[in-house]
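Numbering (our numbering), first residue to last: 115 to 377. Just so you know, even glycine gets a beta-carbon here, dropped at the ideal spot from N, CA and C.
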C-alpha cells in the first residue's frame with residue numbers, strides 16, 4: 115500500500131508511543147511478583163505514551179484539537195479537526211502482563227471520522243484505514259468476514275465494570291441472548307483491537323456499551339473501510355456520544371444488533 119502523508123504522520127506517532135509502551139511492558143512483567151504491584155507504573159506508562167502521541171501529532175498538524183483518555187479535551191485553533199487518542203487501550207491487559215493492548219489514533223474532520231490507526235506494539239501489528247482508501251493490516255488489504263449467520267460466528271464483547279451495576283446487569287441479559295445463538299464469544303479487553311479484529315475478519319461481530327470516543331474512533335474507520343457496518347445499539351450513527359457500538363459485516367451486524375436490542 116502507498117500511505118498518504120496523513121497516514122505516515124499517524125503511524126509514526128503510534129510506533130513511537132508503542133516503543134515506549136513496549137519498554138514499559140517488559141518492566142511490568144517483572145513487577146507482577148512485587149508487593150506493590152505495577153499499578154502506579156502502568157499509569158505513568160499510559161501518560162508517557164499519550165505525551166509522545168500528543169507531541170508528534172501537534173508538531174505534524176499544528177492547531178488540531180485533541181480528545182484524549184488521560185488529558186481530556188485540548189482545544190486547538192483548528193476546530194474542524196479533532197484527534198481521538200487512547201495511548202494505551204487494554205490497560206488491564208498491560209497491567210497483568212498480557213500482550214493484548216494498543217495505541218489508538220482516530221481523526222475526526224468536520225464531524226466525520228476519516229482516518230484510524232490501531233497499533234499493538236507487543237506483536238508489532240499495525241491496522242490502518244483512511245476514508246475512501248480501504249483498510250490494511252501490516253500493509254495487506256483487510257476485509258470483514260463473510261459469514262451470514264450467528265451460529266458459526268465469533269463475536270467479541272466488552273464487560274462493564276461491576277461498579278456500573280445497571281449496565282452490568284443489562285450486559286448479562288444481552289450476553290445470554292447472544293450466547294443462545296452463538297457459543298463463540300471473546301472478551302479481549304481492548305475495544306480498539308476488537309474493532310480491528312472485525313475489520314480483519316478475525317471476529318465476525320462486536321458489541322459494547324459504556325465506552326469512550328477514544329476507545330472506538332479509530333476502529334470505526336477500520337471496520338467501515340474493510341466493508342463492514344457500524345452503528346450505536348439503537349441502530350443509529352451516534353456511537354461516540356452514546357458510548358455504545360455494534361459492528362460486523364452487513365448480515366452479522368443486523369443479526370447481532372437485533373439480538374442485543376431484544377434482550
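- Fully enclosed alpha helix (DSSP H) runs of no fewer than 4 residues occupy 279 to 293 and 305 to 313 of the segment 253 to 334, in order along the chain.
- Around the beta carbon of residue 206, fewer than 16 other beta carbons lie within 10 angstroms, which makes this residue exposed.
- Ranked by Cα distance from residue 298, the first of 264, 219 and 118 is 264.
- Residue 373 and residue 292 have their C-alpha atoms some 6 Å from each other.
- Leaving aside the five residues that flank residue 295 on each side, the residues in its chain whose CB is nearer than 7 Å to its CB run, in chain order, 264, 265 and 373.
- Spatial neighbours of residue 364 in its own chain (CB-CB distance under 7 Å, excluding positions within 5 residues in sequence) are listed in chain order as 343.
- A direct Cα-Cα distance of roughly 22 Å separates residue 201 from residue 118.
- DSSP places residue 168 within a helical segment (H, G or I) once states are collapsed to three.
- Checking the DSSP bridge columns, you'll see residue 199 partnered with 182 and 219.
- Residue 366 sits in a helix when the DSSP states are folded into three classes.
- With three or more CB-CB distances shorter than 8 Å, the segment 228 to 245 counts as touching the segment 303 to 315.
- Beta-bridge partners assigned by DSSP to residue 240: 233.
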